[in-house]
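**Student:**
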Amino acid sequence: MVDRCQDTCRPYYFSVKQVLIVEKVKAFMKRKNIVISAKRYGIDALGAMAQGLFCSLLIGTILNTIGSQFGIGFLTAPIIEINKVPYTIGGMCSFMSGPAMAIAIGYALQAPPLVLFSLATVGYSCNALGGAGGPLAVLFVAIIAAECGKVVSKETKVDILVTPIVTTLVGIGSAWVIAPPIGSAASAFGQLIMRATELQPFLMGILVSVLVGVALTLPISSAAICSVLGLTGLAGGAAVAGCCAQMIGFAVMSFKENRWGGLVSQGLGTSMLQMPNIVKNPRIWIAPTLASAITGPIATCVFKLEMNGAPINSGMGTCGLCGQLGVWTGWVAPSEKAIANGAAAITPTGFDWLGLILISFVLPAILAPAINAVCRKLGWVKDGDLTLS
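Okay, so the sequence shown: first residue is 0 according to numbering that gives the first Met the number 0, each after it adds one.
1. Starting from I164, trace the alpha helix (DSSP H) both ways and give me its first and last residue.
2. Tell me which residue opens and which closes the alpha helix (DSSP H) that I224 is part of.
3. Within its chain, find whatever has a CB closer than 8 Å to the CB of L324; leave out the 5 residues flanking it on each side and keep chain order.
4. Classify I78 as helix, strand or coil using the three-state DSSP reduction.
5. Work out the CA separation of V380 and K16 for me, nearest whole Å.
6. What is the rounded straight-line gap between the Cα of D351 and the Cα of W327?
7. Given a cut-off of 7 Å on the beta-carbon distance, is the pair A237 and V207 in contact?
8. Counting contacts by CB-CB distance shorter than 7 Å, is T155 in contact with chain B?
9. For the candidate residues M193, F249, S291 and I283, whose alpha-carbon lies nearest to that of L341?
10. Specify the secondary structure class of V380 as computed by DSSP and reduced to three states.
11. Please classify Q199 as buried or exposed, where buried requires at least 16 other C-beta atoms within 10 Å of its C-beta.
12. Does DSSP classify V207 as helix, strand or coil?
13. Do V150 and V161 count as a contact pair if the criterion is CB distance below 7 Å?
14. Report the rounded CA-to-CA distance for L118 versus A127, giving the unit in angstroms.
15. For A47, verify whether its CB is less than 6 Å away from any heavy atom of the ligand MN.
16. Who are the near neighbours of I338 in its chain, counting only those whose CB is closer than 6 Å to its CB and skipping five residues on each side?
17. Under three-state DSSP, which class holds M246?
18. Pick from G170, G132 and L320: whose alpha carbon is nearest that of C147?
19. Going by DSSP in three states, P85 sits in which element: helix, strand or coil?
20. Leaving out five residues before and five after I142 in sequence, what residues of the same chain have Cβ atoms less than 8 Å from its Cβ?
21. In whole angstroms, what separates the C-alpha of C374 from that of I345?
22. List the endpoints of the continuous alpha helix (DSSP H) containing A47.
23. Mark D382 as exposed unless 16 or more other C-beta atoms lie within 10 angstroms of its C-beta, in which case mark it buried.
24. Judging by CA-CA distance, which residue of A195, S264, F139 and K153 is the nearest neighbour of P180?
25. By the DSSP assignment, the alpha helix (DSSP H) with R258 in it spans what residues?
26. Opposite G232 in the DSSP bridges: which residues?
27. For the alpha helix (DSSP H) that W352 lies in, which residues bound it at each end?
28. On a Cα-Cα basis, can you pick out the residue from N32, K25, P363 and F53 that is closest to C225?
29. Compute the distance between the beta-carbons of S124 and M95, then report whether it is under 7 Å.
30. How would you write the range of the alpha helix (DSSP H) that F69 sits in, first residue to last?
31. When you compare only the Cα positions, how much space is there between L366 and G329?
32. Do M48 and A174 come within 7 Å of each other at the CB atom, strictly closer than that value?
33. Compare the beta carbon distance of G72 and A101 with 7 Å and say whether it is the shorter of the two.
34. Mind checking which residues open and close the alpha helix (DSSP H) that includes I293?
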């Protein structure tokens, strides 16, 4: 009888024990501020990575372009030589993109100082090992290294040694294993998109423009996505068109509600500001999205608009006019990624400038409000739906 009771109760005993273990693990992760969620990794970390990339690679590209085009000596003169390779100020900014991305990701994950600072080495190593897909590899590896570093942080009396060693070894070890295949996969997928856009500029112009534009408005980073995929050429031009349609579209069609402040904050900042309103009424998203479906193929088929600057510019739209600066940079001094894809410097014609202006500003400012007017007549959009809080 006793044996039968023990046999019956044993599974229950073990299940309680397992529950206790799970609760302890949850408590430990909460104490360590380790939050495994789509928001933490897919929004916070990805958005921070884009900012790190912006402050390094993109700024470096802009400084190099300004220096070379306007003959500014201190921007074109090499300031340091690494492995017999001379670097300008802008070149050094780009050189440090790996550490900048990794530290930005660590900051978004609220990593302790010793973990955060250790990510500089991890980011550089991962970006180098990842090749063309370095940014995507940095995203994964920096998350792994940061979370492992947080696990051991302040758990020993020699934290000053343990935390940096664990973070560095886990990060570089992970980079050594997963960065090359991640880089190859991201590069191959980006090449597929760009090749498909060249073969089917109309259909892919619509697809790339709409998807990247939607990503820009969502609380994820379109800039990071374009950088990860290395989008340049016609695909990059379609991405620029989609982002501009969202930003300028929302800015102009909500002018009645938000006036000049809204025009600037959305047109030169981000259409992401409309996300709370989109959640309340998704139909307000119809106009800028349809506008991007129109301007995308116009960019690829009519104006042959190519974005051959740094790939991150493809996902920036009119944010700080980075998309337009990227197109201009690609005309006069294509990025290494664009050159690898067959791009070459050109002298832009009046038709090129007309295309850039129409795609970036004029067409979105006309199409989105016109489509939104139809939505208003149908009762899908009402006064106040686009008001920014």
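We treat Cβ as the ideally placed atom computed from N, Cα and C, and that holds for glycine.
**Tutor:** Taking the geometry as given:
1. Locating residue 164 in the sequence shown gives position 165, where the first residue counts as 1. Per DSSP, I164 belongs to the alpha helix (DSSP H) from D158 to L198.
2. Walking along the sequence shown from the start, residue 224 turns up at place 225. I224 -> alpha helix (DSSP H) spans S221 to L228.
3. Position 325 of the sequence shown, counting from 1, holds the residue named residue 324. Closer than 8 Å at Cβ, skipping near neighbours: I61, T64, G308 and N312.
4. Position 79 of the sequence shown, counted from the start, is the residue given in the question as residue 78. In the structure shown, I78 sits in coil (DSSP, three-state: anything other than H, G, I, E or B).
5. The sequence position of residue 16 within the sequence shown is 17, counting from 1. The sequence position of residue 380 within the sequence shown is 381, counting from 1. Roughly 55 Å separates the two Cα atoms.
6. The residue given as residue 351 occupies position 352 in the sequence shown. The residue given as residue 327 occupies position 328 in the sequence shown. Linking D351 to W327 through their CA atoms gives a straight-line distance of about 10 Å.
7. Within the sequence shown, the letter at position 238 stands for residue 237. Within the sequence shown, the letter at position 208 stands for residue 207. Their beta carbons are under 7 Å apart, which means A237 touches V207 by this criterion.
8. Given the protein chain composition of this structure (a single chain), no chain B is represented.
9. Within the sequence shown, residue 341 is the residue found at index 342, counting from 1. According to the sequence as given, residue 341 is Gly; it is not Leu. Shortest Cα-Cα distance from G341 to any of M193, F249, S291 and I283 involves M193.
10. Your numbering for residue 380 matches position 381 in the sequence shown. V380 falls in the coil class under three-state DSSP.
11. In the sequence shown, the residue the question calls residue 199 occupies position 200. Under this definition Q199 is an exposed residue.
12. The sequence position of residue 207 within the sequence shown is 208, counting from 1. Looking at V207 - three-state DSSP - the assignment turns out to be helix.
13. For the purposes of this step, residue 161 is taken as the residue at position 162 of the sequence shown. For the purposes of this step, residue 150 is taken as the residue at position 151 of the sequence shown. Not closer than 7 Å, so no.
14. Along the sequence shown, read from residue 1 onward, the residue named residue 118 stands at position 119. Along the sequence shown, read from residue 1 onward, the residue named residue 127 stands at position 128. Answer to the nearest angstrom: the Cα atoms are 14 Å apart.
15. Absence of the ligand MN from the depicted structure is noted, as is the absence of any ligand whatsoever, leaving it without description.
16. For the purposes of this step, residue 338 is taken as the residue at position 339 of the sequence shown. Taking C-beta separations shorter than 6 Å and ignoring five residues to either side along the sequence, I338 has no partners in its chain.
17. Position 247 of the sequence shown, counting from 1, holds the residue named residue 246. Here M246 carries a helix assignment [DSSP, helix/strand/coil].
18. As a first step, residue 147 must be located in the sequence shown, where it is residue number 148. With distances taken between Cα atoms, C147 lies closest to G170.
19. Walking along the sequence shown from the start, residue 85 turns up at place 86. P85 falls in the strand class under three-state DSSP.
20. Here residue 142 refers to the residue found at position 143 of the sequence shown. Counting only Cβ-Cβ distances below 8 Å, and skipping sequence neighbours, we find Y40, A44, I104 and L108.
21. Translated into the one-based positions of the sequence shown, residue 374 becomes position 375. Translated into the one-based positions of the sequence shown, residue 345 becomes position 346. Each residue's Cα considered, the two are about 42 Å apart.
22. Counting from one through the sequence shown, the residue named residue 47 turns up at place 48. Here the alpha helix (DSSP H) through A47 covers L45 to L52.
23. Here residue 382 refers to the residue found at position 383 when the sequence shown is read from its first residue. Exposed, by the Cβ-count rule.
24. As a working note, residue 180 is residue 181 in the sequence shown. Selected option, being the one with the closest Cα: F139.
25. As a working mapping, residue 258 is identified with position 259 in the sequence shown. Note, R258: alpha helix (DSSP H), F254 to V263.
26. Stepping through the sequence shown from its first residue, residue 232 is reached at position 233. M306, per the DSSP bridge assignment.
27. Within the sequence shown, residue 352 is the residue found at index 353, counting from 1. Element bounds for W352: G349 to I356.
28. Your numbering for residue 225 matches position 226 in the sequence shown. Minimum Cα distance to C225 is reached at F53.
29. To locate residue 124, count along the sequence shown from 1; it is residue 125. To locate residue 95, count along the sequence shown from 1; it is residue 96. Taking 7 Å as the Cβ cut-off, S124 and M95 do not qualify as a contacting pair.
30. For the purposes of this step, residue 69 is taken as the residue at position 70 of the sequence shown. Here the alpha helix (DSSP H) through F69 covers I58 to F69.
31. Taking the sequence shown and counting its residues from 1, one reaches residue 366 at position 367. Taking the sequence shown and counting its residues from 1, one reaches residue 329 at position 330. Approximately 27 Å, taken between the alpha carbons.
32. As a first step, residue 174 must be located in the sequence shown, where it is residue number 175. As a first step, residue 48 must be located in the sequence shown, where it is residue number 49. Not closer than 7 Å, so no.
33. Taking the sequence shown and counting its residues from 1, one reaches residue 72 at position 73. Taking the sequence shown and counting its residues from 1, one reaches residue 101 at position 102. Against a cut-off of 7 Å, the Cβ pair of A101 and G72 comes out as no contact.
34. Numbered from 1 along the sequence shown, position 294 holds the residue referred to as residue 293. From DSSP, the alpha helix (DSSP H) with I293 extends over I285 to P296.
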